[in-house]
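Chemist: Numbering (this note's numbering), first residue to last: 27 to 433. Virtual Cβ for every residue (Gly too), placed ideally from N, Cα, C.
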C-alpha cells in the first residue's frame, strides 16, 4: 500500500465537479457533485444524535435498502437540519434534479448538507448548481480537490487522501475527502466524509469494512464535544478494478481494510488538527490498558478535556489536568502507577513517573508543546492494550468563530 495524489477522483470511474451556487457564501464554490460511471455498492455511517438532518434520513434509507448509488450531491452553508417535512422534500427534489441531469434513477442519488441549522435550502439555487456541475464533471485530481474545497464551512484547509494497493493481482485505489472543523465529537463527528473505491466487493463486506474503520478513526476524534445533526460518512465501491470479488474475510479483505483505515485516519487527523480556532493537533496515546475499550475511553477523556486543551494552547505542561481527565473517565486504575510523556517534533519528555512529577524541565516541556502537532502518552501499566484519540487545542478564536457563526 502506498499514498498517492488525489481524493475522490483517484479511483477508476469517479468524477467530481463543484460550483458557486451562492447558497450562503459569496465568491466561493459551495456545492460539489461526485459521480460514478457505473452503479456502486454503498455503505454509510451516520450521526448518533437523536436530532438528524433530512439528508441523514434520506441517505440512511438508501444505504439500508441496498439501492445502487451513482451520485452524491453536497452543499455547504445550510445544513437542511430541523426543517421538518420540507427538508425531506428538498432531498427528494435535489435527487430528482440530479437524476434528470445525469439520466440515472433518483433513488441512486445521495445528498449531504452542512452549515447553519434551521434554515431552508433554496431549491432554485440547488437545481441551478446541479445543472452547472454536470457538464464539467471530470476525472482529474483537480476536480476532486475543488470539490473538497467546496464543502468547507469553517474549515481552513481542504482535506483529501488516497492510497493504492494490490488485491488479487489488480491495482485497487481508495480515495476520499472530508470536511469538519467544529461540532466534532466521537460518535461521528460536523463532519462529512466521502470515500470512493474501484474495489470489487460485496455490500456486506463493504459495510463491515467501514464500520471497523470508523471506530478507530472518526469515532476517535473530538474538537468541542458537540455531536452534529449532519454527520455522514459514505463509501462507494464501483468494482472497476476488477479484482476477485471480496465476499468474505481473509487476506484480500484485510488488505482493503488496511487501505480504508489509512485514508480515513488521515482525513480524521486533518479534521482534528483543523478544529475551529486551533493552533495544534493534539494526539493522545494510551498504552498499557487492560482492554481496548478502556484504552479508548481513557484516550477520549483526555482529548476532550477543555482544561487540558487550553493547557496545550498555552504550551503549558499542566500534567495534573491529564491525570484528572483519566481519573473521571470511568475506568479503574492505580493513579500511582501511571507514567505520562509529551512528544512532538521537538523531542520527547517524561513528565510523570508512578503518578508524581519527574522534576522535568519546564523550559524543555514548553519547547516540545510549542509545535503544531503534540502528543500526550499515558502509560497505565495495567495490560497490553492501547488506543489513540485526536483533537486540538482550545483557543480564544474558537469562541469568536462560534459567537457569530450565523452572521
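Enumerate in chain order the residues of its own chain whose CB-to-CB distance from residue 30 is below 8 Å, with the five nearest sequence positions on each side excluded.
Modeler: Walking along the chain shown from the start, residue 30 turns up at place 4. Around residue 30: 36, 188, 189, 190 and 199.
Chemist: What separation, rounded to the nearest whole angstrom, lies between the Cα atoms of residue 175 and residue 61?
Modeler: As a working mapping, residue 175 is identified with position 149 in the chain shown. As a working mapping, residue 61 is identified with position 35 in the chain shown. Rounded to whole angstroms, residue 175 to residue 61 spans 17 Å at the Cα level.
Chemist: What separation, rounded to the nearest whole angstrom, lies between the Cα atoms of residue 164 and residue 43?
Modeler: Your numbering for residue 164 matches position 138 in the chain shown. Your numbering for residue 43 matches position 17 in the chain shown. Cα to Cα, the separation comes out at about 7 Å.
Chemist: How should residue 146 be labelled, buried or exposed, when 16 other C-beta atoms within 10 angstroms of its C-beta is the threshold for buried?
Modeler: As a working mapping, residue 146 is identified with position 120 in the chain shown. With fewer than 16 other Cβ atoms within 10 Å, it is exposed.
Chemist: If we require 3 or more residues per run, which beta strand (DSSP E) segments fall completely within the stretch 304 to 335?
Modeler: Here the runs fully enclosed are 307 to 315.
Chemist: Which value, in whole angstroms, describes the spacing of the CA atoms of residue 415 and residue 401?
Modeler: The residue you call residue 415 lines up with position 389 of the chain shown. The residue you call residue 401 lines up with position 375 of the chain shown. Going by the C-alpha atoms only, they are around 10 Å apart.
Chemist: Pair every Cβ in the stretch 295 to 309 with every Cβ in the stretch 376 to 387, then say whether three or more of these pairs are closer than 8 Å.
Modeler: No, the stretch 295 to 309 is not in contact with the stretch 376 to 387.
Chemist: Which residues does DSSP list as the beta-bridge partners of residue 365?
Modeler: On the chain shown, position 339 is the one that residue 365 refers to. Partner(s): 405.
Chemist: By a C-beta neighbour count over all protein chains shown, 10 Å radius and 16 as the cutoff for buried, is residue 426 buried or exposed?
Modeler: Taking the first residue of the chain shown as 1, we reach residue 426 at position 400. Burial call: exposed.
Chemist: In this structure, does DSSP put residue 387 in helix, strand or coil?
Modeler: In the chain shown, the residue the question calls residue 387 occupies position 361. It is coil, neither helix nor strand.
Chemist: Measure from the alpha carbon of residue 373 to the alpha carbon of each residue in 63, 77, 403 and 157, then state which is nearest.
Modeler: Locating residue 373 in the chain shown gives position 347, where the first residue counts as 1. That would be 403, whose Cα lies nearest to the Cα of residue 373.
Chemist: Please work out which residues of its chain come closer than 8 Å, Cβ to Cβ, to residue 48, disregarding the five sequence neighbours upstream and downstream, and give them in chain order.
Modeler: Position 22 of the chain shown holds residue 48. Closer than 8 Å at Cβ, skipping near neighbours: 56 and 151.
Chemist: Exposed or buried, which one is residue 209 when buried takes at least 16 other CB atoms within 10 Å?
Modeler: Stepping through the chain shown from its first residue, residue 209 is reached at position 183. Confidence is the limiting factor: at residue 209 the pLDDT is only 48, short of 50, which leaves the residue's position unreliable, though a coordinate-based value still follows. Classification for residue 209: buried.
Chemist: For residue 100, tell me which candidate among 110, 180 and 121 has the shortest Cα-Cα distance.
Modeler: As a working note, residue 100 is residue 74 in the chain shown. Among 110, 180 and 121, the Cα nearest to that of residue 100 belongs to 121.
Chemist: What does the alpha-carbon distance come out to for the pair residue 134 and residue 371?
Modeler: One-based indexing of the chain shown puts residue 134 at position 108. One-based indexing of the chain shown puts residue 371 at position 345. Those two C-alpha atoms are separated by around 46 Å.
Chemist: Less than 8 Å separating the beta-carbons of residue 248 and residue 293?
Modeler: Stepping through the chain shown from its first residue, residue 248 is reached at position 222. Stepping through the chain shown from its first residue, residue 293 is reached at position 267. Not in contact: residue 248 and residue 293 (Cβ atoms no closer than 8 Å).
Chemist: Whose CA, out of 244, 289 and 281, lies closest to the CA of residue 437?
Modeler: Absent from the structure is residue 437, since the part of the chain shown begins at 27 and ends at 433.
Chemist: Tell whether a beta-carbon distance below 8 Å holds between residue 117 and residue 143.
Modeler: As a working mapping, residue 117 is identified with position 91 in the chain shown. As a working mapping, residue 143 is identified with position 117 in the chain shown. Their beta carbons are not under 8 Å apart, which means residue 117 does not touch residue 143 by this criterion.
Chemist: When we look at the beta-carbon of residue 215 and count the other beta-carbons within 10 Å, is it buried (16 or more) or exposed?
Modeler: Numbered from 1 along the chain shown, position 189 holds the residue referred to as residue 215. With a pLDDT of 41 at residue 215, under the threshold of 50, the predicted position of this residue should be treated as unreliable, though the coordinate-derived value follows. Buried, because 16 or more other Cβ atoms sit within 10 Å of the Cβ of residue 215.
Chemist: By how many angstroms is the C-alpha of residue 153 removed from the C-alpha of residue 46?
Modeler: To locate residue 46, count along the chain shown from 1; it is residue 20. To locate residue 153, count along the chain shown from 1; it is residue 127. Spanning the two alpha carbons is a distance of roughly 12 Å.
Chemist: Compare the Cα-Cα distances from residue 87 to each of 50, 260, 369 and 234 and report the closest residue.
Modeler: What you label residue 87 is simply residue 61 of the chain shown in a count that begins at 1. Comparing Cα-Cα distances from residue 87 to each of 50, 260, 369 and 234, the minimum goes to 260.
Chemist: Ordered along the chain, which non-local residues of its own chain (more than five positions away) have a Cβ less than 8 Å from that of residue 38?
Modeler: Position 12 of the chain shown holds residue 38. Cβ within range, chain order: 199, 224, 264, 266 and 267.
Chemist: Residues in the same chain with beta-carbon distance under 6 Å from residue 212, minus the five sequence neighbours each way, listed in chain order, please.
Modeler: For the purposes of this step, residue 212 is taken as residue 186 along the chain shown, with counting starting at 1. With a pLDDT of 49 at residue 212, under the threshold of 50, the modelled position of that residue is not reliable, and the figure given next carries that caveat. The residues are 245, 248 and 326.
Chemist: Start and end of the alpha helix (DSSP H) containing residue 149?
Modeler: Within the chain shown, residue 149 is the residue found at index 123, counting from 1. That run of the alpha helix (DSSP H) goes 149 to 159.
Chemist: CB residue 217 to CB residue 257, shorter than 8 Å?
Modeler: Looking up residue 217 in the chain shown gives position 191. Looking up residue 257 in the chain shown gives position 231. The answer is yes: Cβ separation under 8 Å.
Chemist: Using 10 angstroms around the beta-carbon of residue 106, count the other beta-carbons present and answer buried if the total reaches 16, otherwise exposed.
Modeler: By 1-based counting over the chain shown, the position of residue 106 is 80. Residue 106 comes out buried.
Chemist: Taking 8 Å as the threshold, find out whether the stretch 270 to 286 comes into contact with the stretch 391 to 399 through three or more Cβ pairs.
Modeler: No, because fewer than three Cβ pairs between the stretch 270 to 286 and the stretch 391 to 399 fall closer than 8 Å, the two stretches do not touch.
Chemist: Of the choices 194, 166, 231 and 341, whose alpha-carbon is the least far from that of residue 201?
Modeler: Residue numbering aside, residue 201 sits at position 175 when the chain shown is read from its first letter. Nearest option by C-alpha distance: 166.
Chemist: Please state whether DSSP places residue 136 in a helix, a strand or coil.
Modeler: Your numbering for residue 136 matches position 110 in the chain shown. Correct three-state label for residue 136: strand.
Chemist: Nearest CA to the CA of residue 41: which residue from 171, 75, 52 and 76?
Modeler: Against the chain shown, residue 41 aligns to sequence position 15. For residue 41, the nearest C-alpha among the options comes from 171.
Chemist: What did DSSP end up calling residue 294 once you bin it into helix, strand or coil?
Modeler: The sequence position of residue 294 within the chain shown is 268, counting from 1. Helix at residue 294.
Chemist: Is residue 418 helix, strand or coil when you go by DSSP?
Modeler: For the purposes of this step, residue 418 is taken as residue 392 along the chain shown, with counting starting at 1. If DSSP states are grouped into helix, strand and coil, residue 418 belongs with the strands.
Chemist: So, with DSSP's three-state summary, where would you put residue 208?
Modeler: For the purposes of this step, residue 208 is taken as the residue at position 182 of the chain shown. Model confidence at residue 208 stands at a pLDDT of 49, short of 50, so the residue's coordinates are unreliable; what they give is reported in the following sentence. In the structure shown, residue 208 sits in coil (DSSP, three-state: anything other than H, G, I, E or B).
Chemist: Could you have a look at residue 141 and say whether DSSP puts it in helix, strand or coil?
Modeler: Here residue 141 refers to the residue found at position 115 when the chain shown is read from its first residue. Strand, per DSSP.
Chemist: Buried or exposed for residue 83, please, with buried defined as at least 16 other CB atoms from any protein chain shown within 10 angstroms of its CB.
Modeler: For this step, residue 83 is matched to residue 57 along the chain shown. The residue is exposed, with fewer than 16 neighbouring Cβ atoms inside 10 Å.
Chemist: I need the DSSP call for residue 101, collapsed to helix, strand or coil.
Modeler: For the purposes of this step, residue 101 is taken as residue 75 along the chain shown, with counting starting at 1. Strand.
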